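With this note's numbering, letter number 6 in the sequence shown gets 5, and the count goes up by one each step, no holes.
Don't be surprised by glycine CBs; every beta carbon is placed ideally from N, CA and C.
Note that the structure is predicted; figures quoted are calculated from it, not measured.
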Amino acid sequence: MNPALTRTYGSYHFGVSSELTDRQIEQLIQLFNMPTNSVHSVLGGRTSVAIAQLEDVGSVVVKYYIRGGLLRHLVQRRYLKLGKTRCQIEYEVFHKVRSLGVGAPEPIAYASKGSVFYRGWLVTRLIKRHQTLAELSCTDQDRTRIAMDELIHHVCILIDNHILHIDLHPGNVLVDANNRTFLVDFDKACLCPGDKNRLRHQYLTRWRRSVTKHGLPKVLCDTMSAALQ
């Protein structure tokens, strides 16, 4: 995997897949400073994103890194910098899993602002005409089974390469109009060397918990269990 091209623009530090023009950088900075949309999923999750057109690139999704838990009441959008930023790490994970053949949105850029404490953003290409697997499973079981077959293929690749997506659930799987599946939200993904059976168990346990908790169709659990057990 080729390292990102890095660039400083004013107080912002960028890493990009290919050279961005000043105009594109300025567009992104404007997006970084706009109010975000809180997107609610069937699973009750919440992610702050902005969807926009980036000149000569097309439709992109800008992810804003926002704290959860009690700490969000004190420091919502700033993180202590200890090595690589969260946005850089997730950007690199996207490149890694795509190079392995896992369906995931194309990473366009990451950016941060600040030195000791920073704010961060990740820019990916928009998956057009998509819905989450959680949404699809409630309306079309035939398409759900098709999407599950491809998702399981992607999960097996991750397991074979000892990569743990720590929050894989049907709300973090996008399905486009052609039934192609894309995994999103690789924040905090990590390498888990050692026993693959243990990693399989972690994926299956998290998946079952989310499906059961949110009352999603049983086919989601049955298909994943049959493949990973």
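Could you work out which residue in Gly113, Gly119, Asp21 and Ala3 is closest to valine 186 when comparing CA atoms only?
Translated into positions along the sequence shown, residue 186 becomes position 187. Reading off the sequence shown, one finds aspartate at residue 186, where the question assumed valine. That would be Gly119, whose Cα lies nearest to the Cα of aspartate 186.
Taking only the alpha-carbon atoms, compute the straight-line gap between serine 209 and isoleucine 28 and give it to the nearest angstrom.
Here the question's residue 209 lines up with position 210 in the sequence shown. Here the question's residue 28 lines up with position 29 in the sequence shown. The alpha-carbon atoms of serine 209 and isoleucine 28 are separated by roughly 35 Å.
Sorted by chain position, which residues of the same chain lie with C-beta nearer than 6 Å to lysine 195's C-beta, five sequence neighbours on each side aside?
For the purposes of this step, residue 195 is taken as the residue at position 196 of the sequence shown. Answer for lysine 195: Ile158, listed in chain order.
Would you say the stretch 133-141 touches the stretch 99-117, given that touching needs at least three Cβ pairs under 8 Å?
Result no; under three Cβ-Cβ pairs closer than 8 Å.
Candidates Ile151, Asn171, Asn160 and Ser114: which alpha carbon is nearest glutamate 134's?
Position 135 of the sequence shown, counted from the start, is the residue given in the question as residue 134. If we check each option's Cα against that of glutamate 134, Asn171 comes out closest.
Please report the distance separating the alpha-carbon of leucine 219 from that of histidine 94.
For the purposes of this step, residue 219 is identified with residue 220 of the sequence shown, where counting begins at 1. For the purposes of this step, residue 94 is identified with residue 95 of the sequence shown, where counting begins at 1. Rounded to the nearest angstrom, the two C-alpha atoms are 27 Å apart.
What does a CB cutoff of less than 8 Å around serine 58 pick up in its chain, not counting 5 residues either side in sequence?
Your numbering for residue 58 matches position 59 in the sequence shown. Ile50, Ala51, Gln52, Arg124, Leu125 and Lys127, listed in sequence order.
For lysine 112, tell me which candidate among Ala226, Met223, Thr7 and Ser224 has the shortest Cα-Cα distance.
As a position in the sequence shown, residue 112 is number 113, starting the count at 1. Answer by Cα proximity: Thr7.
Counting only runs that start and end within the stretch 161-188, where is the beta strand (DSSP E) found for 3 or more residues in a row?
Entirely contained in the stretch 161-188, the beta strand (DSSP E) runs reaching 3 residues are, in chain order, 172-174 and 180-182.
Under three-state DSSP, which class holds valine 92?
On the sequence shown, residue 92 is found 93 positions in, with the first residue counted as 1. Valine 92 falls in the helix class under three-state DSSP.
Return no unless some Cβ of chain D is closer than 7 Å to the Cβ of isoleucine 107.
Protein chains in the displayed structure number just one, and chain D is not present.
Across which residues does DSSP place glutamine 130 in a beta bridge pair?
Counting from 1 along the sequence shown, the entry for residue 130 is found at position 131. Val174.
For serine 17, count the other beta carbons within 10 Å of its own beta carbon; 16 or more makes it buried, fewer makes it exposed. Which is it?
The residue given as residue 17 occupies position 18 in the sequence shown. Flag for serine 17 reads exposed.
For valine 122, which beta-bridge partners are listed by DSSP?
Sequence index remark: in the sequence shown, residue 122 carries index 123 (1-based). In the DSSP output, where bridge partners are listed per residue, valine 122 has Val61 and Ala108.
Quick one, are the C-beta atoms of valine 154 and tyrosine 202 less than 7 Å apart?
Counting from 1 along the sequence shown, the entry for residue 154 is found at position 155. Counting from 1 along the sequence shown, the entry for residue 202 is found at position 203. Result yes, Cβ atoms of valine 154 and tyrosine 202 sit closer than 7 Å.
Give the straight-line distance between the Cα atoms of proline 216 and cysteine 137, rounded to the nearest whole angstrom.
Working through the sequence shown from its first residue, we reach residue 216 at position 217. Working through the sequence shown from its first residue, we reach residue 137 at position 138. Each residue's Cα considered, the two are about 7 Å apart.
Let me know the secondary structure DSSP gives histidine 12 once reduced to three states.
Within the sequence shown, numbered from 1, the residue matching residue 12 stands at position 13. Correct three-state label for histidine 12: strand.
Mind checking who glutamine 52 pairs with in its DSSP beta bridge?
The sequence position of residue 52 within the sequence shown is 53, counting from 1. DSSP, once it has assigned bridges, lists Ser58 as partnering glutamine 52.
What do you reckon, are the CB atoms on alanine 226 and isoleucine 151 nearer than 7 Å?
Position 227 of the sequence shown, counted from the first residue, corresponds to residue 226. Position 152 of the sequence shown, counted from the first residue, corresponds to residue 151. It is a contact, given that the beta carbons lie within the stated cut-off.
Using three-state DSSP, classify threonine 204 as helix, strand or coil.
For the purposes of this step, residue 204 is taken as residue 205 along the sequence shown, with counting starting at 1. In the structure shown, threonine 204 sits in a helix (DSSP, three-state: H, G or I).
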